[in-house]
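There are 2 protein chains.
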Amino acid sequence: MRRWNGWGDEATVVELPAHGAAFLGARLGAGQVLPDASLEQVLAQVPASRLAAHPLISTDAEVRVRHARGQSLPDWLAMREGRFGQFPDGVALPESAEQIRQLLAWARAQDLVVIPYGGGTSVAGHINPQASERPVLTLSLERMTRLLELDEESQIATFGPGAAGPQVESQLRARGYTLGHFPQSWELSTLGGWVASRSSGQQSLRYGRIEQLFAGGKIETFAGTLEIPTFPASSAGPDLREMILGSEGRFGVISEVKVRVSKLAEQEQFYAVFLPSWEQALKGIRSLVQARVPLSMLRLSNAIETETQLALAGHPEQIALLEKYLALRGARAGKCMLTFGVTGNRKQNALSVKQAKQLLKGFGGVFTGTLLGKKWAENRFRFPYLRHGLWAAGYAVDTLETATDWGNVDNLLNQIEDSLRAGLAEEGEPVHVFTHLSHVYGQGSSIYTTYVFRPGQSYEQTLQRWQKLKHNASQTIVNNRGTISHQHGVGRDHAPYLAVEKGELGMAALRSLADHFDPDQRLAPSVLLETHE
Amino acid sequence: MRRWNGWGDEATVVELPAHGAAFLGARLGAGQVLPDASLEQVLAQVPASRLAAHPLISTDAEVRVRHARGQSLPDWLAMREGRFGQFPDGVALPESAEQIRQLLAWARAQDLVVIPYGGGTSVAGHINPQASERPVLTLSLERMTRLLELDEESQIATFGPGAAGPQVESQLRARGYTLGHFPQSWELSTLGGWVASRSSGQQSLRYGRIEQLFAGGKIETFAGTLEIPTFPASSAGPDLREMILGSEGRFGVISEVKVRVSKLAEQEQFYAVFLPSWEQALKGIRSLVQARVPLSMLRLSNAIETETQLALAGHPEQIALLEKYLALRGARAGKCMLTFGVTGNRKQNALSVKQAKQLLKGFGGVFTGTLLGKKWAENRFRFPYLRHGLWAAGYAVDTLETATDWGNVDNLLNQIEDSLRAGLAEEGEPVHVFTHLSHVYGQGSSIYTTYVFRPGQSYEQTLQRWQKLKHNASQTIVNNRGTISHQHGVGRDHAPYLAVEKGELGMAALRSLADHFDPDQRLAPSVLLETHE
Chain A
1 MRRWNGWGDE
11 ATVVELPAHG
21 AAFLGARLGA
31 GQVLPDASLE
41 QVLAQVPASR
51 LAAHPLISTD
61 AEVRVRHARG
71 QSLPDWLAMR
81 EGRFGQFPDG
91 VALPESAEQI
101 RQLLAWARAQ
111 DLVVIPYGGG
121 TSVAGHINPQ
131 ASERPVLTLS
141 LERMTRLLEL
151 DEESQIATFG
161 PGAAGPQVES
171 QLRARGYTLG
181 HFPQSWELST
191 LGGWVASRSS
201 GQQSLRYGRI
211 EQLFAGGKIE
221 TFAGTLEIPT
231 FPASSAGPDL
241 REMILGSEGR
251 FGVISEVKVR
261 VSKLAEQEQF
271 YAVFLPSWEQ
281 ALKGIRSLVQ
291 ARVPLSMLRL
301 SNAIETETQL
311 ALAGHPEQIA
321 LLEKYLALRG
331 ARAGKCMLTF
341 GVTGNRKQNA
351 LSVKQAKQLL
361 KGFGGVFTGT
371 LLGKKWAENR
381 FRFPYLRHGL
391 WAAGYAVDTL
401 ETATDWGNVD
411 NLLNQIEDSL
421 RAGLAEEGEP
431 VHVFTHLSHV
441 YGQGSSIYTT
451 YVFRPGQSYE
461 QTLQRWQKLK
471 HNASQTIVNN
481 RGTISHQHGV
491 GRDHAPYLAV
501 EKGELGMAAL
511 RSLADHFDPD
521 QRLAPSVLLE
531 THE
Chain B
1 MRRWNGWGDE
11 ATVVELPAHG
21 AAFLGARLGA
31 GQVLPDASLE
41 QVLAQVPASR
51 LAAHPLISTD
61 AEVRVRHARG
71 QSLPDWLAMR
81 EGRFGQFPDG
91 VALPESAEQI
101 RQLLAWARAQ
111 DLVVIPYGGG
121 TSVAGHINPQ
131 ASERPVLTLS
141 LERMTRLLEL
151 DEESQIATFG
161 PGAAGPQVES
171 QLRARGYTLG
181 HFPQSWELST
191 LGGWVASRSS
201 GQQSLRYGRI
211 EQLFAGGKIE
221 TFAGTLEIPT
231 FPASSAGPDL
241 REMILGSEGR
251 FGVISEVKVR
261 VSKLAEQEQF
271 YAVFLPSWEQ
281 ALKGIRSLVQ
291 ARVPLSMLRL
301 SNAIETETQL
311 ALAGHPEQIA
321 LLEKYLALRG
331 ARAGKCMLTF
341 GVTGNRKQNA
351 LSVKQAKQLL
361 KGFGGVFTGT
371 LLGKKWAENR
381 FRFPYLRHGL
391 WAAGYAVDTL
401 ETATDWGNVD
411 NLLNQIEDSL
421 RAGLAEEGEP
431 VHVFTHLSHV
441 YGQGSSIYTT
451 YVFRPGQSYE
461 QTLQRWQKLK
471 HNASQTIVNN
481 RGTISHQHGV
491 GRDHAPYLAV
501 EKGELGMAAL
511 RSLADHFDPD
521 QRLAPSVLLE
531 THE
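Taken in order, these protein sequences are the chains called A and B.
At position 456 of the first sequence the residue is numbered 456 (full-length UniProt numbering), and the sequence of numbers has no breaks.
At position 309 of the second sequence the residue is numbered 309 (full-length UniProt numbering), and the sequence of numbers has no breaks.
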């Protein structure tokens, strides 16, 4: 069963290995464990619903608890402490576009706020109810998960918007196809959520971001149904798909998603290469992508992430052997691990691997074969579970991310890491910070930074620490030519920083669209665009 | 010097070869030649300008004539007859974003209509002044053509919006780079125009459409300057780039364009393959693109286009030899020519060519090497000149285009060709119609149809013939799941058909943006969105 106060299925437990605990202990001091609340304690706080009875709406307390929070660190702290703040007044569970339209009409008649809800995996406060005089209805798409149609000739699949990653892939794979969209949240996040938040998957280098995969579909708005046809491309004015991508529930509820799918590839493999320094590694990864070598994924850990990953892997003897091998070949302290993947037919893959190896050799790359790549692939969705292991050991972990042009990647990365590393200096608390680049483009790269710190004496103090770290890093990002998000979206947490990149005029344009589709600001108010009265 | 009443430079003359004239004569009857007006006759019609004097604005009659019309067939007929209808009251020639802002402020103060003007190559009525109580100022970007900055690390080039294809490429090639955007209008059309109309180039398979190449820039609007930063990707809400792409001058004037550029490739080659039938050819091209063989261009002519091209090539003996060779290998009557290109490093290109040949062999493909491919590359921008040769021989030619999903390509193509072929049946006039697919995607393809017909006894009758053909074909397209344009844009000619694909709600959303950026409907009124009062 899915955890009510954390990530994923209860059956999956990822503990922090002893070696990893020692590694963190040496850097952050002994862990600080805070007490967890029980589900019963939380259920006792759920107030009476303000909603009239409706056949499609559950007002059950546990259902409301389970749809009240996402997966940001503030969400985590609230769930662990058992102080949820607001709960939705009810959770609607429609099974069709028609039922979504009925629910929206009812919401207008009853003067409700409506929060569209996919997998509940937001790390930016997309789905948290706010205190509101209007009752809050969370509209979950979890019953709309089916593959409705697969056009094999056009390679377009039509899905219910609530299909989570495994539901998408299993239904497609049964027919020989894949969407190829694998965000780290893949186990729980949904197709509709990916579209609404402009998600990106680990193999975007081959399959594209959700912007490239989203072919069209239906969006139910308070101004009517928007139906977006599936042209492969068009020059007929601004693209309506792009209006919905990143709309984060503000303009409407996605009721049907059409996606561009691919035949399952003949072969897929992942390889690890170690580069002797960050400088060399950065040049290597940029050269690879700018040379258009047809790879399906690229992920470059900086030196601290490489060191941390090897420490947390939990096999110190094997790691020691690996490090000895690498050192002999020139990759010593400061080395950076680059993982790359090829997906396609065998001959093309062989050429791609050969060209990648050749090119990386020019930057001192030490090739280690497929073993570590296989490990990466096996564990690609496990990282979110590690928050549990770290928390139990007395450490809080969060991530943040951006993207910028190549000419600014190193600068911005350093500024972000510095801002986090020094963020709790006033309190004398160290912060362990490391980074990888995992979505690379001809023009630049995403920057994905993880930071680990000790909780304070209380939940409140812990939240304050997070707020300080997050605010400083967010300011650092937008003031240094980074986007406030490359793959997590805006939500409420990033909304205050959005105007720096969109400009006041751009913000006003987005507001004019929100006013057009949702004149009463009934949908996910203050998400994406801060509330304006 | 550029022709005032037709395509391109006066020095370039493309005549219809005798063999081609005979071919058309057999299909359409003897040509019907209509008399051309002289520039002097046209200049005599230009009325006095209604504009006050302004240092950045020319009210010279010839300048106004040269900015009054695009390159649609109605434009051609108007220019040839010398009945231009409306002229702009003046042409502004700014040299900087600051001057554009000054001109917009002046236009507001003077209550003018403003038409942003790039290369004047619109084939959909984007830049034609309409009768208007407000004086009309055409704002030409032809003095803003410079490469302002080239960030080689991030592979981003900053250009003035008025840079035409050759200006873009020559400035980049001098530094070892290419944009790789080659629409057929490349010699005259401009970067700003490509962005505003969502253009696509012949090698979009490698370089992407202008949507993928446009990285950001500046747009001067009546609500202020919109500055779009250059992130490689972002999930921070709807993408403002996509709001400007396809805005066709309705929202603002593009004053600076940043584009994603590539290093010049080591090798580029084009090959021709003949497929024995349209059915086989269609399957072949779809297989190629769905298998993701890294090609840089694909163009498939249907049987009639193949036959027409070979007839119009003007070397009947050589063509006869080619046809003999093809027939021996199974490509006889009904054969279809497929041209494909590879651009990249030699090893990758060799593998791509090998895989393409192998795959096409499975569909009966007869490979002919690089000779015809070279011809295609040499002549890739000559087709628009052929209108002159055809007109002189007494034939009118026009093209129209759309895109649709693979499952609908054959159906839509046939419907379009049928509608054109039978379009003048009431008058007993045949129409020669042929088609190619030149932009292919995993999900579908563009459909590019050329139609040749005889002018009537008068210009008026000729225009009526065109209107009938164009209207029927446009209806056919939008009523059969095609987009009203894959690469030419909407302009005024396609605006009446746009609502079928955007829906009333989508149209209203676009209108809300137009109202936001241009509340007085001063910019290119009735382009893209029909005027609404």
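Every residue, glycine too, gets a C-beta built ideally from N, C-alpha and C.
Cβ proximity to chain B below 7 Å picks out L226, E227, P229, T230, F231, P232, A233, S234, S235, A236, G237, P238, D239, L240, E242, M243 from the stretch 226 to 244 of chain A.
Here the alpha carbons of L386/B and V433/B stand approximately 16 Å from one another. Burial is judged here by how many other beta carbons sit within 10 angstroms of a residue's own beta carbon; E40/A has fewer than 16 and is exposed.
Linking N472/A to V478/A through their CA atoms gives a straight-line distance of about 10 Å. Our two residues, A44/B and Y448/B, have alpha carbons roughly 38 Å apart in a direct line. In the structure shown, the three-state DSSP call for E169/B is helix. Of all C-beta pairs linking the stretch 221 to 240 of chain B to the stretch 480 to 489 of chain A, three or more are shorter than 8 Å, placing the two stretches in contact. Using a Cβ-Cβ distance cut-off of 8 Å, the stretch 90 to 99 of chain A and the stretch 459 to 468 of chain A are not in contact, since fewer than three pairs of beta carbons, one from each stretch, lie closer than that value. Residue state for E323/A is assigned as helix, using DSSP reduced to three classes. Taking CB atoms only, R101/B has no neighbour in chain A less than 8 Å away.
Take R50/A, set aside five residues on each side of it, and the residues of its chain with a beta-carbon closer than 6 Å to its own are D89, P135, in chain order.
In the three-state reduction of the DSSP assignment, H432/B falls in the strand class, which pools E and B. R241/B has its alpha-carbon roughly 28 Å from the corresponding atom of R69/B. Under the three-state reduction of DSSP, S446/B is assigned to strand.
The count of Cβ pairs closer than 8 Å, one atom from the stretch 240 to 260 of chain B and one from the stretch 151 to 165 of chain B, reaches three, so the stretches are in contact.
Contact between G252/A and F84/A is ruled out by a C-beta separation of about 27 Å, above the 8 Å threshold. A distance of 8 Å or more separates the beta carbons of R250/A and A508/A. Taking every protein chain shown into account, the CB of L77/B has 16 or more other CB atoms within 10 angstroms, so this residue is buried.
Nearest to E504/A by alpha-carbon distance, out of P17/A, L529/A, Q521/A, is L529/A. Classified as exposed, Q467/B has fewer than 16 neighbouring CB atoms from the shown chains inside 10 Å of its CB. Listed by position along chain B, the residues whose Cβ is nearer than 7 Å to that of Q348/A are L351. Taking a beta-carbon distance threshold of 8 Å, I477/B does not count as an interface residue toward chain A. Taking a contact as a CB-CB distance under 8 Å, the pair E429/A and R454/A counts as one, their CB atoms being some 6 Å apart. The distance from the Cβ of G162/A to that of R143/A is about 7 Å, consistent with a contact at the 8 Å cut-off. The stretch 183 to 254 of chain B is shown to contain whole beta strand (DSSP E) runs of 3 or more residues at 214 to 221, 224 to 228, in chain order.
In the DSSP assignment, M297/A falls within the unbroken beta strand (DSSP E) covering 297 to 301.
For the stretch 251 to 280 of chain B, residues whose beta-carbon sits nearer than 8 Å to a beta-carbon of chain A comprise R260, S262, K263. Residue environment for Y325/A: exposed (fewer than 16 other C-beta atoms within 10 angstroms of its C-beta). By the C-beta criterion, the stretch 277 to 287 of chain A is judged not to be in contact with the stretch 374 to 390 of chain A, since fewer than 3 inter-stretch pairs fall below 8 Å.
Sixteen is the threshold: when 16 or more other Cβ atoms of the shown chains lie within 10 Å of the Cβ of E307/B, as they do, the residue is buried. C-alpha of P17/B to C-alpha of V452/B: approximately 16 Å in a straight line. Close partners of P294/A in chain B (Cβ separation under 7 Å): P294. Interface with chain A (8 Å Cβ-Cβ cutoff): W186/B is excluded. Going by DSSP, S287/B is part of no beta strand (DSSP E) but of the alpha helix (DSSP H) stretching over 278 to 290.
Using a C-beta cut-off of 8 Å, the stretch 294 to 303 of chain A makes contact with the stretch 335 to 343 of chain A, since at least three inter-stretch Cβ pairs fall below that distance.
When CB distances to chain B are screened at a threshold of 7 Å, the residues of the stretch 389 to 414 of chain A falling below it are A403, T404, D405, W406, G407, in chain order.
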